[in-house]
Amino acid sequence: MKRPALHIQILIALIVGACLGLAFNLGFSSGASNLELPDAVIRIRPNLDVITLSLQELGPEDKLVTKTLFRDELDGLSDFQKTYPHIAEEIKAAWDADPETAQIEVTDRRIDIEENLDKITATYSRREAGAEESTTFTGKNVAEFQKNAPDWVFDVYETIGGTPSLTVAGWAKAIGDLFLRLLKMITIPLIVTSLVTGVAGLGDTSRLGKLFTKTMLYYFTTSVLAITTGIIMVNLIQPGVGEQLPGNDHAIVGGADQSLTGVFGGLIQNMIPSNPIESLASANFLSIITFSILLGVFIIKAGEKGDGLRNLFASAFEVIMGMTMFVISLAPIGVCAFMVYATASQGIDIFMTLAKYMLTVFLALLVHAVIVLPLIVKFVARRSPWEFARAMSPALMTAFSTASSNGTLPLTLASVENRGGVPNRVSSFVLPLGATINMDGTALYEAVAVLFIAQATPGFDMSLQSQIIVAVTALMASVGAAGIPHAGLVMMAIILQAVDLPIEAQGVIIAVDRVLDMCRTSVNVWSDSCGCAVVARFDAPDNDSEAGG
1053 MKRPALHIQI LIALIVGACL GLAFNLGFSS GASNLELPDA VIRIRPNLDV
1103 ITLSLQELGP EDKLVTKTLF RDELDGLSDF QKTYPHIAEE IKAAWDADPE
1153 TAQIEVTDRR IDIEENLDKI TATYSRREAG AEESTTFTGK NVAEFQKNAP
1203 DWVFDVYETI GGTPSLTVAG WAKAIGDLFL RLLKMITIPL IVTSLVTGVA
1253 GLGDTSRLGK LFTKTMLYYF TTSVLAITTG IIMVNLIQPG VGEQLPGNDH
1303 AIVGGADQSL TGVFGGLIQN MIPSNPIESL ASANFLSIIT FSILLGVFII
1353 KAGEKGDGLR NLFASAFEVI MGMTMFVISL APIGVCAFMV YATASQGIDI
1403 FMTLAKYMLT VFLALLVHAV IVLPLIVKFV ARRSPWEFAR AMSPALMTAF
1453 STASSNGTLP LTLASVENRG GVPNRVSSFV LPLGATINMD GTALYEAVAV
1503 LFIAQATPGF DMSLQSQIIV AVTALMASVG AAGIPHAGLV MMAIILQAVD
1553 LPIEAQGVII AVDRVLDMCR TSVNVWSDSC GCAVVARFDA PDNDSEAGG
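Just so it is clear: in the sequence shown, position 469 is 1521 by our numbering, and no numbers are missing.
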């Protein structure tokens, strides 16, 4: 039986992964659980030279269960007061009166367990001596949590925690990460061999300048259109109006110490590698792209003497492309694993949080991806948007599931050349550069997020001037943040600072970032792909006169 086409396999894997993840998430606990506890008393007993603080409650069959909370030297009562300041005075007074009967009543007791893939949190809330109190215990994994929490708290966790959905999500993420590592393994060799071969194959360095100009013009145009779409959608839907965002409850999650000038300075620095080998090892895309382009240019200038190097890179490109196609054949497995991870760990509950904001981002991305970019493909590239989208579907679905445009780059290159019919001399230049500095979806997302925060901030001036500042800053930051770890967070912090909005509001946005990241990454890859179609039309060798006009 003939196997389905790759894009059909990936689509099936995406649907199956989402269904499996939701089934686990809905069929079991979603990662949060709680348990109401019976009333208890805290007693303190001296025993020779040791004091013991005990929590006593009625257990099974009405037997008294004692759990040790605190032990210290009798002379170290001051340490006990530091550890339990909220009841220290009451229990010390009761102990001074009669050590044998000293106790504090504990009511309204409750344990709340929250789990995700990188942390377990147990919150013990109760009323002691008439006051509401809570204590939190955390751990990066079960072993660390057991070490940090009292035995009785860990017993509660073993009873109500350890959700199957998170176990499944953990395994799925591990499998998905292996696939992503395979993609990243071939990304740098593919960029270098493809870019050097493509530039050297131009045969004339003047054509490189034209190629660069057309590419950058496309990037600038689509980024402006994306940001404009986002701003229009925010003003139509107004997702932040009437919302109450927490003030300083959220920590600053990135970019607080960054400025636009500093980011652009870093961009220029990253473009010129002081050590090309180090840039290759550290996956510094801008440095790699610059060096590869220069190498291709000087292979051209070397004339016949450069033929040996040109043939070497051409042969290396064919070998790496063969390896790439093998890794791509595993895409359905990786896509399925990532979708299981995304839906099993978050489920549908995430869509209920900040739903109006998420809807605004999604609709803006949809308009840009389904209307704006296809119109460009139709009337500028003069190609069928539907056919081109079908050709790029394996890359788009992989970008959606992995939320990594750089990781998807090998699949994007293969799809745009083998399925989209774009020549390597164009795709090898446009796509690596686009994956680094062309972020339509991300720029749109940042503009919407900042204006959402602005709408939800009482007294903030939402004038046209402020929105223009947001648009310009989002455009510049989307280019300048290239190659920076967590570039999205840095971009958002830069824009928030530019319009005097609280950076702490990042925490609210990041809470629902994963789902939106999948959507905007797909738009980023789609925009880069459409750029290939546009530049290819004007860069055809027999259309040089048209390209020059």
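Each residue gets a CB set at the ideal place from its N, CA and C atoms; glycine is no exception. It should be emphasised that the depicted structure is a prediction, and the values quoted were computed from it without experimental measurement.
Rounding to the nearest angstrom, what Cα-Cα distance links residue i and residue j in this structure?
| i | j | result |
| --- | --- | --- |
| Ala-1383 | Val-1575 | 19 angstroms |
| Gly-1069 | Gly-1228 | 11 angstroms |
| Glu-1469 | Ala-1455 | 22 angstroms |
| Pro-1446 | Leu-1418 | 18 angstroms |
| Leu-1483 | Ala-1526 | 21 angstroms |
| Leu-1269 | Glu-1167 | 46 angstroms |
| Pro-1090 | Glu-1157 | 11 angstroms |
| Leu-1427 | Arg-1442 | 16 angstroms |
| Gly-1493 | Phe-1414 | 10 angstroms |
| Thr-1395 | Ala-1224 | 11 angstroms |
| Arg-1172 | Ile-1163 | The amino acid at residue 1172 is misidentified as Arg; the sequence shows Ile. Spanning the two alpha carbons is a distance of roughly 13 angstroms. |
| Met-1237 | Gly-1473 | 25 angstroms |
| Trp-1438 | Ala-1333 | 39 angstroms |
| Tyr-1497 | Leu-1277 | 13 angstroms |
| Asn-1300 | Asp-1565 | Note on Asn-1300: pLDDT 39, under 50, position unreliable in the model; no value is reported. |
| Pro-1325 | Phe-1272 | 25 angstroms |
| Phe-1264 | Ala-1354 | 21 angstroms |
Taking 7 angstroms as the limit between beta carbons, can you name the residues of its chain near residue i, skipping five residues before and five after?
| i | result |
| --- | --- |
| Val-1371 | none |
| Cys-1071 | none |
| Asn-1322 | Asn-1336, Leu-1338, Ser-1339, Gly-1535 |
| Val-1522 | Ala-1499, Val-1502, Leu-1503, Ile-1547, Val-1551 |
| Val-1349 | Val-1251, Thr-1257, Leu-1260 |
| Ala-1244 | A small fix is needed here, since residue 1244 is Val in this sequence, not Ala. Excluding sequence neighbours, Val-1244 sits near Ile-1340, Ser-1344. |
| Ser-1467 | Ala-1443, Met-1444, Pro-1446, Ala-1447 |
Quick check on DSSP: helix, strand or coil for residue i?
| i | result |
| --- | --- |
| Ser-1082 | Any reading at Ser-1082 is ruled out, since the residue's pLDDT is 47, under 50, leaving its predicted position unreliable. |
| Arg-1259 | helix |
| Ala-1183 | strand |
| Lys-1054 | coil |
| Ala-1396 | helix |
| Ile-1172 | strand |
| Leu-1121 | Annotation note: pLDDT 47 at Leu-1121 (below 50); position unreliable, coordinate value reported separately. Note: Leu-1121 maps to strand in three-state DSSP. |
| Phe-1231 | helix |
| Thr-1573 | helix |
| Phe-1512 | coil |
| Gly-1374 | helix |
| Arg-1162 | strand |
| Val-1551 | coil |
| Pro-1426 | helix |
| Leu-1496 | helix |
| Ser-1581 | helix |
| Gly-1292 | coil |
| Ile-1156 | strand |
| Val-1379 | helix |
| Ala-1354 | coil |
| Ser-1177 | strand |
| Gly-1250 | helix |
How would you call residue i, buried or exposed, if buried means at least 16 neighbouring beta carbons within 10 angstroms?
| i | result |
| --- | --- |
| Gly-1182 | exposed |
| Arg-1233 | exposed |
| Arg-1589 | buried |
| Thr-1412 | buried |
| Trp-1578 | buried |
| Glu-1210 | exposed |
| Gln-1517 | exposed |
| Gly-1604 | The chain is shown from 1053 up to 1601; residue 1604 falls before or after that span and cannot be answered. |
| Glu-1088 | exposed |
| Gly-1511 | exposed |
| Pro-1056 | exposed |
| Pro-1537 | With a pLDDT of 45 at Pro-1537, under the threshold of 50, the predicted position of this residue should be treated as unreliable, and no value is reported. |
| Asp-1401 | In this prediction, Asp-1401 has a pLDDT of 48, which is less than 50 and means its spatial position is unreliable; what the coordinates show is noted afterwards. Classification of Asp-1401: exposed, given that the 10 Å Cβ count is below 16. |
| Ala-1421 | buried |
| Phe-1197 | buried |
| Leu-1288 | exposed |
Could you check how far apart the C-beta atoms of residue i and residue j are, in whole angstroms? I think they sit under 8 angstroms.
| i | j | result |
| --- | --- | --- |
| Leu-1230 | Ile-1341 | Between Ile-1341 and Leu-1230 the Cβ distance is about 27 angstroms, and since that is not below 8 angstroms, they are no contact. |
| Leu-1425 | Cys-1582 | 5 angstroms |
| Ser-1453 | Met-1391 | 5 angstroms |
| Ile-1062 | Met-1444 | So it is not a contact: roughly 12 angstroms between Cβ atoms. |
| Thr-1239 | Leu-1066 | Actually they are not in contact, since the Cβ atoms of Thr-1239 and Leu-1066 sit about 22 angstroms apart, beyond 8 angstroms. |
| Asp-1283 | Ile-1212 | The amino acid at residue 1283 is misidentified as Asp; the sequence shows Ile. Rounded, the Cβ-Cβ distance is 46 angstroms, inconsistent with contact. |
| Leu-1553 | Ile-1505 | 5 angstroms |
Suppose the cutoff is 8 angstroms on Cβ atoms and the five residues either side in sequence are ignored; what does the same chain contact list for residue i look like?
| i | result |
| --- | --- |
| Glu-1356 | none |
Which same chain residues, not among the five before or five after residue i, have their C-beta less than 6 angstroms away from its C-beta?
| i | result |
| --- | --- |
| Val-1587 | Lys-1266, Thr-1267, Val-1478, Val-1482 |
| Gly-1386 | Gly-1228, Phe-1231 |
| Ala-1433 | Ala-1585, Val-1586, Arg-1589 |
| Thr-1159 | Asp-1091, Arg-1179 |
| Ala-1389 | Ala-1224, Ile-1227, Gly-1228 |
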